[in-house]
Every structure is written in structure tokens, then in C-alpha cells.
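Single-structure report; data block below.
Protein chains: 2
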Amino acid sequence: MPDSHLSEIRDLHLFADMQEAHFERLIRASYVQNFPPQIELISEGDPSDFLHILVTGSVDLFSSWNDRETSMATVRPISTFILAATVKDAPYLMSARTMEKSRIMLIPSQDVREAFSNDGQFARAIVDELAQCYRGVIKNTKDLKLRTSLERLANYLLRQQIRSGGGASFTLDAEKRRLASVLGMTSENLSRAFKGLRPYGVQVKGAEITITNQADLEGFAKPNPLIDNRSP
Amino acid sequence: MPDSHLSEIRDLHLFADMQEAHFERLIRASYVQNFPPQIELISEGDPSDFLHILVTGSVDLFSSWNDRETSMATVRPISTFILAATVKDAPYLMSARTMEKSRIMLIPSQDVREAFSNDGQFARAIVDELAQCYRGVIKNTKDLKLRTSLERLANYLLRQQIRSGGGASFTLDAEKRRLASVLGMTSENLSRAFKGLRPYGVQVKGAEITITNQADLEGFAKPNPLIDNRSP
DNA sequence: GCGGGCAGTTGACATTTATCAAGTGAACGC
DNA sequence: GCGTTCACTTGATAAATGTCAACTGCCCGC
Chain A
2 MPDSHLSEIR
12 DLHLFADMQE
22 AHFERLIRAS
32 YVQNFPPQIE
42 LISEGDPSDF
52 LHILVTGSVD
62 LFSSWNDRET
72 SMATVRPIST
82 FILAATVKDA
92 PYLMSARTME
102 KSRIMLIPSQ
112 DVREAFSNDG
122 QFARAIVDEL
132 AQCYRGVIKN
142 TKDLKLRTSL
152 ERLANYLLRQ
162 QIRSGGGASF
172 TLDAEKRRLA
182 SVLGMTSENL
192 SRAFKGLRPY
202 GVQVKGAEIT
212 ITNQADLEGF
222 AKPNPLIDNR
232 SP
Chain B
2 MPDSHLSEIR
12 DLHLFADMQE
22 AHFERLIRAS
32 YVQNFPPQIE
42 LISEGDPSDF
52 LHILVTGSVD
62 LFSSWNDRET
72 SMATVRPIST
82 FILAATVKDA
92 PYLMSARTME
102 KSRIMLIPSQ
112 DVREAFSNDG
122 QFARAIVDEL
132 AQCYRGVIKN
142 TKDLKLRTSL
152 ERLANYLLRQ
162 QIRSGGGASF
172 TLDAEKRRLA
182 SVLGMTSENL
192 SRAFKGLRPY
202 GVQVKGAEIT
212 ITNQADLEGF
222 AKPNPLIDNR
232 SP
């Protein structure tokens, strides 16, 4: 499994403290594959045969019910996804599709479960990762239940601004219709929401956002670390 | 810490496989307390000093933002809550209040973290519990984003029916205004939603629900294991 | 350069949901 | 028993959000 990204994977929080022997064993059992854009990697309900690690590209996690579909999250390199299904040996709750050409490492779930039975450091790291994910979803639920779509968009923009370095101008990293789905609204509504934020100093030109009045926008958005701090 | 419920706590999935010595140490460091109804046990944003275990009674987990409040979940005996904050040593994302007189065991978070560094079985159990919780929240998010309030209520009733043994009649175990908040709507809307389900064979008399036409209700609700199976 | 094709936008309208205000009904205390 | 309280309900109305259809602008291939 020769791969220039191997050391970066090793450095992932999940594997960083794992014993070398265990890590090598996992890697040996795994394989890496390149996928074209718009390929459905996994479908919700399928058994979770592999832990996935996105090495390059991007992946959309989404769910469907009754002919409706919603984007649950975006995975960006380098990180794992569907860890919870893997450790519980339970069916996927979400489907995943590549958004662009993507390189993905697949580790058989069975091997992951074995490794974490034998390696306390690895188990500890999984706990950390799962707790992290859990708290992320809780924050998302609070966002959905406590805020209107306009407020969700405003706070999303502020988060994206920070992720992009904090400057007044930045670029949306998702198609607007995906963004709409992630934020729990229709694309039409997102268009209107962007216009609705104009009075608070938000300028939109394609995927380019410029915040001309930071204070106004923050005053409206009222960002809160217990909802909007998406990393810690 | 003499307590008649100790063996039940020991039997919790979380502690079942833990080494006796470690368990005893946790118990010795912990204490049990009785709380009256409507007491706020923890406030979101506070440091997570204790892992809580609800022994008897019931607890509401809720969150607030900008003068709005929403019920996130109900804790029922015997189970732990705010495990994720404890293992991450991060601030609580939700507040908790007793709904009735409740007996709660408090284990210092520091001791939990130590125990799970030293006890592989315990770490394994925490992974399981966190993965479980994570999947629960994901299901809840799907419910919120993919369904209308009427559909959420219909599926909630079907779940509650199963929890109550599967008979045509059963009792709601929460105040209707809490139920409304859990389902992400106002109480007024919940009242109307109950009326909206009458054509599908749902009769409501106070907290007593009777499903007179199971097939019709299920046809409308379209329950899905990937959203509605709240235990596995 | 022309002509799709497609993401995004806009407008008109329908539906869903929330808000406000008033009412009902059962539980409870004096 | 009577009045108070409180959860819940109901109705009128407003606000938020979704739907449908048409339109715009831009990329891209021929």
C-alpha cells in the first residue's frame, strides 16, 4: 500500500498514539482507491464493512426518506467517516458520495474492531473522535432547532469566514444547493436568505462572499461557541 | 455509598465488563443525591465536573439560544448522561433539569477519565455507548430535516407505542408541551397535529393515545428503522 | 460564435409553522 | 363548593418556508 499520504494518515488524531505494529497491520489489510466525482460510495442501510478515510477530494454524507434527501455533512481530507457504524458493526445511517475526484482508504471494519480491542491508545483515540462527532451533531441539532434559516445562514457565513482565515472576503466551498440542504432549506430559500442578509452587510457574487459590516452581521447572527465552535 | 440500586448500575452496559477494583474505586469517589423536581442540575457552558447517572426519576436535557429554548432529549433510569463532555473534558452543550423527584449518582469526571485510561473493557464500553448516542442524534437529525411536524408526531407515536408494549392504547410519558419541544414545534402546533392525525386513526384523550387504525397510521408515517429504531 | 445545459435566481402562490389572544377543563387548596 | 391555577386547546392572523414555473447568466462543446 505505497501512498504518499501514509504519514499524514498516521498523524491523524485517531492513529497518532497507536502502536506501530497495530497500525501497520491495519494498513496492510486496507486498500486505497480513486473514485470519480458523484459516485455513491456507501448507501444507508448497508452493512458497515469498511472504515473510510478520505485522503484527497471531498465527500457528501446525505440521507433520504420518502423521496426526500438531505445533506448531513461534508467530509474533507484528511478524516475518517462512518466510524460509529464501524465500531458498532451496525448498518450505515447515512449514504456517502464523492463530490469531486477522491482518493479513499478503506480499512475492513473487522480489523478496526480487533485493533481497538488490542490497543488501549487506539481505543482512547476512538473515544475522543466519537465524542467529538457526537458533540458536533448536537451543535448541529441546536442550530436547526433554535434558529431560523436566516440565522443559520448568517452563522454559517461567520464560521466559514473563520475557516477561511478571517478576512472580509472568502469563498463558499460548496455548491449553493448543497449548502441549502446542509442548512435545512431549499435553494430558492437560500437565495432569498442571502438577499435577506444584505442589510447586515453581506455581499454575494457567485461563490464570493464579502462581509462589509462585520459588527452588524455578528449582531444579527449572535454566534455562540456552544453551537458554532465546530472544531473543539 | 450504600445504595439499593448499586447492582443495577453495575449492570449498566457501561460498567458491566469493568474490572471490579476499578468500579469500586469509581463508586467510592462518587456520591448520590436526591433532587426535587424542576431543579437545574447542570447549565450548558459549565465545565463538566461529573458524569451523571440517573438512578430514579427523569431528566430533561435542553438547550437555549437567544431567549429560545428547546428540549433535546429525555433521560430515563438507569442511564448516564453527558458522557461526551466528561471524556473530552469540555463544557456541557446542554443543560439538564429534573422533571420529577430524582436520584442521581455523580462520578467525578476526572475519575472516569482515569478509569478509562486504565481499563480497556471500560474504554470499549464507552466507545459503544458514545457510538450509540451518536447514532441516536443522527437519527434525530434525519427526523428533523426529512419530515414535517405531522410526520414526526406520527412516527413518535409509533415508537412510543412499541416502547409501551405494542398495544393499541398507551400513555404519553411526557407533558405535551415538552413533547412539542422535543419534536421541534410549538404546543399549539402539536395540538393541531394530533387533530391532523385523526383521519389516520389516532384518538387522543389527555395523555391516552389509542391507535384505531394501525395500518393507516403506518401508511402515513412510513417509519424507517434507520430513523426510528432508537435502541440499536 | 452559437446553442444547449445547468446552477442559480426571481416571482407568484401554497403550505407549514409560529404567534397572540381567548377559551376550556380538570386538579387543587381553602 | 368555589375560585384559582395551569396545561392544553382553539381561532385568527402573521411569518417562515416550500413549490412551481419562468427566467438569467455563465460555462462549454462543437
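First to last, the protein sequences are chains A and B.
Residue 233 is where the first sequence ends in our numbering, and the numbering goes up by one at each step.
Residue 233 is where the second sequence ends in our numbering, and the numbering goes up by one at each step.
Glycine included, each C-beta is placed from N, C-alpha and C at the ideal position.
Separation of residue j from residue i, as counted between CA atoms
i, j, result
"residue 54 of chain B", "residue 101 of chain B", "15 Å"
"residue 34 of chain A", "residue 78 of chain A", "14 Å"
"residue 212 of chain A", "residue 218 of chain A", "8 Å"
"residue 230 of chain B", "residue 136 of chain A", "21 Å"
"residue 149 of chain A", "residue 215 of chain B", "35 Å"
"residue 206 of chain B", "residue 208 of chain A", "53 Å"
"residue 99 of chain B", "residue 182 of chain B", "16 Å"
"residue 165 of chain B", "residue 175 of chain B", "13 Å"
"residue 178 of chain B", "residue 94 of chain B", "22 Å"
"residue 38 of chain B", "residue 17 of chain A", "45 Å"
"residue 47 of chain B", "residue 86 of chain B", "10 Å"
"residue 13 of chain A", "residue 28 of chain B", "35 Å"
"residue 104 of chain A", "residue 69 of chain B", "43 Å"
"residue 196 of chain A", "residue 226 of chain A", "26 Å"
"residue 133 of chain A", "residue 138 of chain B", "13 Å"
"residue 151 of chain B", "residue 10 of chain A", "45 Å"
"residue 168 of chain B", "residue 189 of chain B", "27 Å"
"residue 198 of chain A", "residue 21 of chain A", "51 Å"
"residue 114 of chain A", "residue 64 of chain A", "25 Å"
"residue 52 of chain B", "residue 89 of chain B", "12 Å"
"residue 36 of chain B", "residue 194 of chain A", "45 Å"
"residue 2 of chain B", "residue 40 of chain B", "At residue 2 of chain B, the pLDDT of 46 sits below 50, so the modelled position is not reliable and the matter cannot be decided from this model."
"residue 71 of chain A", "residue 15 of chain A", "28 Å"
Span of the beta strand (DSSP E), counted from its first residue to its last, around residue i
i, result
"residue 45 of chain A", "From DSSP, residue 45 of chain A is part of no beta strand (DSSP E); its letter is neither H nor E."
"residue 237 of chain B", "The requested residue 237 of chain B does not occur in the structure, where chain B is confined to residues 2 to 233."
Member of the options whose CA lies at the smallest distance from the CA of residue i
i, options, result
"residue 126 of chain B", "B:24, B:231, B:6, B:229", "B:24"
"residue 112 of chain B", "B:32, B:153, B:200", "B:32"
"residue 117 of chain A", "B:108, B:123, B:223", "B:123"
"residue 26 of chain B", "B:119, B:148, B:188, B:139", "B:119"
"residue 185 of chain B", "B:144, B:176, B:208", "B:144"
"residue 62 of chain A", "A:49, A:73, A:178", "A:73"
"residue 42 of chain A", "A:30, A:83, A:88", "A:83"
"residue 91 of chain B", "A:129, A:152, A:90", "A:129"
"residue 80 of chain B", "B:70, B:71, B:88, B:107", "B:107"
"residue 153 of chain B", "B:28, B:191, B:131", "B:191"
"residue 232 of chain A", "A:222, A:199, A:198, A:131", "A:131"
Residues near residue i by beta carbon distance below 8 Å, same chain, minus five either side
i, result
"residue 210 of chain B", "158, 161, 162, 170, 171, 172, 173, 203, 204"
"residue 220 of chain B", "201"
"residue 147 of chain A", "228"
"residue 187 of chain B", "181"
Same chain only: Cβ atoms within 6 Å of residue i, ignoring 5 sequence neighbours per side
i, result
"residue 8 of chain B", "none"
"residue 224 of chain B", "156, 159"
"residue 228 of chain B", "140, 143, 144"
"residue 66 of chain B", "none"
"residue 44 of chain A", "96"
"residue 19 of chain A", "120, 122, 123"
"residue 6 of chain B", "56"
Terminal residues of the alpha helix (DSSP H) in which residue i lies
i, result
"residue 189 of chain B", "188-197"
"residue 161 of chain B", "150-164"
"residue 26 of chain B", "21-30"
"residue 170 of chain B", "Per DSSP, residue 170 of chain B belongs to no alpha helix (DSSP H); it is in the beta strand (DSSP E), 170-172."
"residue 177 of chain B", "177-183"
"residue 232 of chain A", "Segment: none, residue 232 of chain A is in no alpha helix (DSSP H) and carries neither H nor E."
"residue 7 of chain A", "7-12"
"residue 217 of chain A", "215-222"
Residues of its chain near residue i, where Cβ-Cβ distance is below 7 Å and the 5 sequence neighbours each way are ignored
i, result
"residue 50 of chain B", "109, 110"
"residue 76 of chain A", "55, 59, 60, 62, 82"
"residue 222 of chain A", "152, 155, 156, 159"
"residue 30 of chain B", "108, 109, 112"
task = Report the residue ranges of all alpha helix (DSSP H) runs contained in full by the region 102-133 of chain B; include only those spanning at least 4 residues, in chain order.
result = 110-119
inquiry  = What ranges does the alpha helix (DSSP H) occupy inside the region 55-105 of chain B, keeping only unbroken runs of at least 4 residues that lie completely in it?
reply    = 84-89
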